[in-house]
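Participant: In this text, residue positions in the sequence shown follow the numbering used here: the first is 132, and each later residue adds one.
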Amino acid sequence: MGRLGEAGAVGAAVAAFYLAGLPRSVPGGDSGELITAAYELGVAHPPGYPLFTLLAKLAIELLPFGSVAYRVNLLCALLGAAAASLLFDTVSRLSGMPAAGIFAAGMFSFARLTWQWSITAEVFSLNNLFVVLLMALSLRFEEAASPKERSKISKVGAFCCSLSLCNQHTVVIYVLCIVLWVFSRLFREGELTLGHVLKLTLCFLAGCLPYLYLPASSHFNKARWTWGDQTTLKGFMTHLLREEYGTFSLAKSENGSSMTDILLFQATQMAELSLAVPSLAIAASLCSVARLEVKRPPLVHLFTLMFFSYSFFFAWRANLDISKPLFMGVVERFWMQSNAVLAVLAGLGFSSLFSLGKALIGNNQILHCLEWIVAVVLVTGQIYSNYSICDQSRNDVVDQFARNVLSSMPPDAVILLRGDLPGNSLRYLHYCEGVRPDVTLVDQEMMTYPWYLPKLAKHLPGVVFPGHRWNPVEGLLPDGSITFNLHHFLKVNKHKETFVCIGLHEGDPTWKKDYSLWPWGSCDKLVPAKTAFDPVEWAGRTRNLYNWSEEYGRFDSMTWEAVANEEMWQARMKTAFFLFGLAETPSVTRDVKAQLYTLAYAVFHHEK
Numbered sequence: 132m133g134r135l136g137e138a139g140a141v142g143a144a145v146a147a148f149y150l151a152g153l154p155r156s157v158p159g160g161d162s163g164e165l166i167t168a169a170y171e172l173g174v175a176h177p178p179g180y181p182l183f184t185l186l187a188k189l190a191i192e193l194l195p196f197g198s199v200a201y202r203v204n205l206l207c208a209l210l211g212a213a214a215a216s217l218l219f220d221t222v223s224r225l226s227g228m229p230a231a232g233i234f235a236a237g238m239f240s241f242a243r244l245t246w247q248w249s250i251t252a253e254v255f256s257l258n259n260l261f262v263v264l265l266m267a268l269s270l271r272f273e274e275a276a277s278p279k280e281r282s283k284i285s286k287v288g289a290f291c292c293s294l295s296l297c298n299q300h301t302v303v304i305y306v307l308c309i310v311l312w313v314f315s316r317l318f319r320e321g322e323l324t325l326g327h328v329l330k331l332t333l334c335f336l337a338g339c340l341p342y343l344y345l346p347a348s349s350h351f352n353k354a355r356w357t358w359g360d361q362t363t364l365k366g367f368m369t370h371l372l373r374e375e376y377g378t379f380s381l382a383k384s385e386n387g388s389s390m391t392d393i394l395l396f397q398a399t400q401m402a403e404l405s406l407a408v409p410s411l412a413i414a415a416s417l418c419s420v421a422r423l424e425v426k427r428p429p430l431v432h433l434f435t436l437m438f439f440s441y442s443f444f445f446a447w448r449a450n451l452d453i454s455k456p457l458f459m460g461v462v463e464r465f466w467m468q469s470n471a472v473l474a475v476l477a478g479l480g481f482s483s484l485f486s487l488g489k490a491l492i493g494n495n496q497i498l499h500c501l502e503w504i505v506a507v508v509l510v511t512g513q514i515y516s517n518y519s520i521c522d523q524s525r526n527d528v529v530d531q532f533a534r535n536v537l538s539s540m541p542p543d544a545v546i547l548l549r550g551d552l553p554g555n556s557l558r559y560l561h562y563c564e565g566v567r568p569d570v571t572l573v574d575q576e577m578m579t580y581p582w583y584l585p586k587l588a589k590h591l592p593g594v595v596f597p598g599h600r601w602n603p604v605e606g607l608l609p610d611g612s613i614t615f616n617l618h619h620f621l622k623v624n625k626h627k628e629t630f631v632c633i634g635l636h637e638g639d640p641t642w643k644k645d646y647s648l649w650p651w652g653s654c655d656k657l658v659p660a661k662t663a664f665d666p667v668e669w670a671g672r673t674r675n676l677y678n679w680s681e682e683y684g685r686f687d688s689m690t691w692e693a694v695a696n697e698e699m700w701q702a703r704m705k706t707a708f709f710l711f712g713l714a715e716t717p718s719v720t721r722d723v724k725a726q727l728y729t730l731a732y733a734v735f736h737h738e739k
């Protein structure tokens, strides 16, 4: 079997494991929004992810089976398997030892973090593929024996570098390292001419073409869900540079953990790959410095530089508090990019140690068998350790959360969404699966952006917006747009039953003047304050809103499943605590207080 066949076999094996544990429904986090943007041909959250959106749309249209979410999950699994195949080929080619390729590809692909996010509708498996592709092209460039071959590979590399930036911006650190390395090599060879630089620039610009999708989608404005207005240069650059989140930051207005804490967290996460991986990566770097049994030392130096540059830069810019389990889960996903480089270095360390053994012992046949045994045993152990954790084939928690919330709503209701969990999961079911088409979904945070209502109001029929933008202070802005507060919004939409899910934006208390919040499962209903509250009737209406059977506390606290499960369990007690709070009100008479206490107790024990 040739090298291409071996790489294909590795990719097929990884794909088989990935497909076995593939989730059948929408996962948590950004997945629902990314799938909806692709389904509607809209624009995803900054920086837009045009390449992933277009690939996901192709998968949705071309795959004839499964839900919309399943098709995009499947696409990501295949991209992850392709990354494994290319990783195997790169390490095998670089080390001359297929067992080292098996070790590197297996330890990376079946690590919990990689496996978990390679079977989820997210941008990470495509980013992993690009990271490995850039390392593979660096190897081809280093191997090139003639100026013509170096010129050809550098042009392909320039195109792939910019194409990778059409997916995940964090890869820019690797791009910069590789570009500087290639330019220095071309300069030393006397091949860095003005004409060559211009050709490389054109190839780089060609790779950026997917970003034309953003203004095109925004111009036609057919998507029922989209983010931003990219029809102007300012709007395009705002989205591209993630200004609404903070350029080169993970979140807006967040006080994150220290750089030291982030780096320590990364070190802990690397150990999860297996202590053998970072240990062998260190061995490869040391062997390259000492010129001991390691091939292509310049590449080892380049990959080491890439690893440390990315690690320190990300730790500096990751402005999330990792003491919070959910934020810890958000941050750890970005270590896959450094883990891919670490796996390549570990593969080289693996081959270097066995090459040293062969040089010292001389019995190549025994060591050749041993290298395969060690590689297979370590990879098998990785699979055994993580399969049960990463098997998501029966995980439909986020999907069921969204279905329960939507099914509980009365006809033609308006839901004011807040947060990623309800926002992305409900949007996916509503737009992609056609669940509850009578309900209208309005995003609270998006209503504060100047582009949201001008772009999407026409897709929200039956809802009246008394201005162009939500703001607690009503008035006319310098750009001519009119702001409205929540009180005004509720007043002009009194013909609709309005719910909030989950919670209301704290910055606008105007609704409190004439409205009250009554519990409705995970959501709350905004009711005119003058409406008489019948506790018995309301307890009866909200008693069996949801059909939820998940065990409390069964999910890892870093996952969206844990968040969804917690919300559903809290929803069971919400009416009881609301009634208890009313009973504690000083103005309530003794008889009514006793009635409320009794009812709260009955509701609590019924839900419990």
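Each residue gets a CB set at the ideal place from its N, CA and C atoms; glycine is no exception.
Measure from the alpha carbon of Leu182 to the alpha carbon of each residue in Ser198, Phe318 and Leu165, then state which is nearest.
Facilitator: Selected option, being the one with the closest Cα: Leu165.
Participant: I need the straight-line Cα distance from Ser516 to Ala402, nearest angstrom please.
Facilitator: Answer to the nearest angstrom: the Cα atoms are 14 Å apart.
Participant: For the 8 Å Cβ check, are there 3 or more pairs between the segment 324-334 and the segment 370-386?
Facilitator: In short, these stretches do not touch, since the Cβ pair count stays below three.
Participant: Looking at the strands, I want to know which residues DSSP matches up with Trp651.
Facilitator: Answer is Cys654, bridged to Trp651.
Participant: Out of Ile546, Thr706 and Ala533, which has the shortest C-alpha to C-alpha gap to Gly163?
Facilitator: Answer by Cα proximity: Ala533.
Participant: Can you look up Tyr583 in the DSSP assignment and give me helix, strand or coil?
Facilitator: If DSSP states are grouped into helix, strand and coil, Tyr583 belongs with the helices.
Participant: Look at the Cβ atom of Thr251, then the Cβ atom of Cys207, and state whether they are nearer than 8 Å.
Facilitator: Yes, Cβ-Cβ distance for Thr251 and Cys207 is below 8 Å.
Participant: Since Gly606 sits in a beta bridge, which residues does DSSP pair it with?
Facilitator: Answer is Thr614.
Participant: With DSSP run on the structure shown, which of helix, strand or coil describes Ile546?
Facilitator: DSSP places Ile546 in strand when its eight states are reduced to three.
Participant: Only counting the same chain, and skipping five residues up and downstream in sequence, which positions put a Cβ closer than 7 Å to that of Leu345?
Facilitator: The residues are Val174, Gly179, Pro181, Gln361, Phe367 and His370.
Participant: Ignore the nearest five residues each way along the sequence and tell me which others in Phe711's own chain have a CB closer than 6 Å to its CB.
Facilitator: The answer, listed in chain order, is Ala731.
Participant: So what does DSSP say about Tyr683, is it helix, strand or coil?
Facilitator: Correct three-state label for Tyr683: coil.
Participant: Based on DSSP bridge pairs, tell me the residues matched to Trp601.
Facilitator: Looking at the DSSP assignment, Trp601 forms a beta bridge with Phe615.
Participant: In angstroms, rounded to a whole number, what distance separates the CA positions of Gln513 and Pro409?
Facilitator: Roughly 15 Å between the two C-alpha positions.
Participant: Rounded to a whole number of angstroms, what is the C-alpha to C-alpha distance between Pro592 and Tyr583?
Facilitator: Distance between the alpha carbons of Pro592 and Tyr583: 15 Å.
Participant: Which whole runs of the alpha helix (DSSP H) in the segment 396-467 are 4 residues long or more, in chain order?
Facilitator: For the segment 396-467, whole alpha helix (DSSP H) runs of length 4 or above, ordered along the chain, are 407-421, 428-448 and 456-463.
Participant: Leaving out five residues on either side along the sequence, give the residues of the same chain with a beta carbon under 7 Å from the beta carbon of His300.
Facilitator: For His300, where only same-chain residues beyond five positions count, the Cβ hits under 7 Å are Pro178.
Participant: Taking the alpha-carbon positions, what's the Ala398 to Gly478 distance?
Facilitator: Taking the straight line from one Cα to the other gives about 19 Å.
Participant: Could you please give the first and the last residue of the uninterrupted beta strand (DSSP E) stretch that includes Leu193?
Facilitator: That residue, Leu193, is in no beta strand (DSSP E); its alpha helix (DSSP H) goes Pro181 to Leu193.
Participant: I believe Ser348 touches Leu172 by the beta-carbon criterion, under 8 Å. Please report the beta-carbon distance rounded to the nearest angstrom.
Facilitator: With 8 Å as the limit, Ser348 and Leu172 qualify as a contact, their Cβ atoms being about 6 Å apart.
Participant: Just to confirm, is the Cβ distance from Cys308 to Leu264 under 8 Å?
Facilitator: In this structure, Leu264 does not lie closer than 8 Å to Cys308 by Cβ.
Participant: Which whole runs of the beta strand (DSSP E) in the segment 485-526 are 3 residues long or more, in chain order?
Facilitator: List check, beta strand (DSSP E) in window: nothing returned.
Participant: May I ask you to report which of helix, strand or coil DSSP gives Val573?
Facilitator: It is a strand residue.
Participant: Given a cut-off of 8 Å on the beta-carbon distance, is the pair Ile633 and Arg567 in contact?
Facilitator: In this structure, Arg567 does not lie closer than 8 Å to Ile633 by Cβ.
Participant: Going by C-alpha distance, which of Arg224, Asn386 and Leu270 is nearest Ser482?
Facilitator: Nearest C-alpha to Ser482: Arg224.
Participant: Flag this pair as touching only if the segment 520-528 and the segment 626-641 have three or more C-beta atom pairs under 8 Å; answer yes or no.
Facilitator: The segment 520-528 vs the segment 626-641: no contact.
Participant: Between the C-alpha atoms of Ala490 and Val507, what's the straight-line distance to the nearest angstrom?
Facilitator: Roughly 23 Å separates the two Cα atoms.
Participant: Tell me, to the nearest whole angstrom, how far the beta carbon of Val141 is from that of Ser216; I am working on the premise that it is less than 8 Å.
Facilitator: That pair is a contact at about 5 Å.
Participant: Taking the alpha carbon of Ser416 as the point to measure from, which residue in Phe438, Ser405 and Gly232 has its own alpha carbon closest?
Facilitator: For the residues Phe438, Ser405 and Gly232, the minimum Cα distance to Ser416 belongs to Phe438.
Participant: Taking buried to mean at least 16 other C-beta atoms within 10 Å of its own C-beta, is Phe709 buried or exposed?
Facilitator: Buried: at least 16 other Cβ atoms inside 10 Å.
Participant: List the DSSP bridge partners of Phe630.
Facilitator: Paired residues: Ile546 and Lys656.
Participant: Going by DSSP, what residue range makes up the alpha helix (DSSP H) through Ser563?
Facilitator: The sequence as given places Cys at residue 563; Ser does not occur at that position. Segment: none, Cys563 is in no alpha helix (DSSP H) and carries neither H nor E.
Participant: Between which two residues does the alpha helix (DSSP H) holding Met368 run?
Facilitator: Segment Leu364 to Leu371, the alpha helix (DSSP H) holding Met368.
Participant: In chain order, what residues of the same chain lie with their CB nearer than 6 Å to the CB of Gly288, ignoring the 5 residues before and after it?
Facilitator: Correct list, in chain order: Leu268.
Participant: At what residues does the alpha helix (DSSP H) containing Gly321 begin and finish?
Facilitator: Note, Gly321: premise wrong, no alpha helix (DSSP H); not H, not E.
Participant: Closer than 7 Å by C-beta to Arg558: which residues in its own chain qualify, once you throw out the five before and the five after it? Chain order, please.
Facilitator: So the list reads Gly163, Glu164, Thr167, Trp356 and Leu572, once near-sequence residues are dropped.
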